Structures are given as C-alpha cells and as structure tokens.
Amino acid sequence: MSSENFSELEMELGELLQEFHCVMEELRVPSQSNPHVYEEHLKQAKQRNEMSDGVSDSGIEDSDYSRDQSLGSSLNTSEEELNTAGMTVAPKARLGDTEDLQSFIESLDRELAEM
1 MSSENFSELE MELGELLQEF HCVMEELRVP SQSNPHVYEE HLKQAKQRNE MSDGVSDSGI
61 EDSDYSRDQS LGSSLNTSEE ELNTAGMTVA PKARLGDTED LQSFIESLDR ELAEM
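In case it helps, the UniProt record's numbering puts the sequence shown at residues 1 to 115.
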C-alpha cells in the first residue's frame, strides 16, 4: 500500500472516529443535544449515497480473479446481487417480541404483493 493511500485511509478513519466521539458525547448529555443535527446528518448521508449512485470500489480489480471460479466462491457477487436486488433481509424476531414479528409479516406481504 502506498503512503498516499495509507494517509488517506488514516485521515478517513480519524474523521469517522471524531464523528463517533461527537455522537457519543451528545448521547451522554441528551438534554443539550440538538435533534435537528441528526436530521441534517441523515440528509447529508442520503445525498452522499445518491451521488455515489450505490457504486463502491473495493480496491480489487476484476482481473485479479480467475475466470474459472464460480460466482459463489468469488468475492465479486454483482450478478448474484442483481438477482436479489428486491429482497430485503429482516432481522430475526425474538421470543415475545411481537412487534418485530408483525413488522416482518407486513414486509413479507408487501414483497409478495409486488411480485
């Protein structure tokens, strides 16, 4: 890894840790936190996702993989992801947690209705 890439990663990690630290401080003293800050942060995150258009670079080139490998054993799962793009994975419901179960059932009903 080049020193330029390392310094970029180090800077990005530093920014993420600073953001995490700020959130933890706000959670520690909720009466002083501003709820609009989170809305602004969410809006910025959505804008970043829209600008990136869902494309991310893993840093690994396609030529690094053998053409003989099956899709299941490859780290490149883009074709598999295309086949499951409309599916959502719901968290497992816990015993006695009927709210999550009801939400999961409603989600399944919506998915089936769209098919």
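Backbone N, C-alpha and C define an ideal beta-carbon position, used for all residues, glycine too.
Predicted, not measured: the structure shown is a model, and the values here were computed from it.
Item, Value
"What is the residue span of the alpha helix (DSSP H) that MET24 lies within?", "3-28"
"What's the call for ARG67, buried or exposed, on a 16-neighbour Cβ count within 10 Å?", "Only weak support exists for where ARG67 lies, its pLDDT of 49 falling under 50; the value from the coordinates is given anyway. Exposed is the call here."
"Measure the alpha-carbon distance for HIS41 versus ARG28 and round it to whole angstroms.", "18 Å"
"Quick one: Cα of PHE6 to Cα of GLU26, how far?", "30 Å"
"Taking only three categories from DSSP, how would you classify MET51?", "helix"
"Alpha carbon to alpha carbon, how far is LEU17 from ARG48?", "19 Å"
"What residues in its chain sit with their C-beta under 6 Å from that of PHE20, if we drop five residues either side in the sequence?", "none"
"Cutting at 7 Å between CB atoms, please list the residues of its own chain near MET115, excluding the five before and the five after it.", "none"
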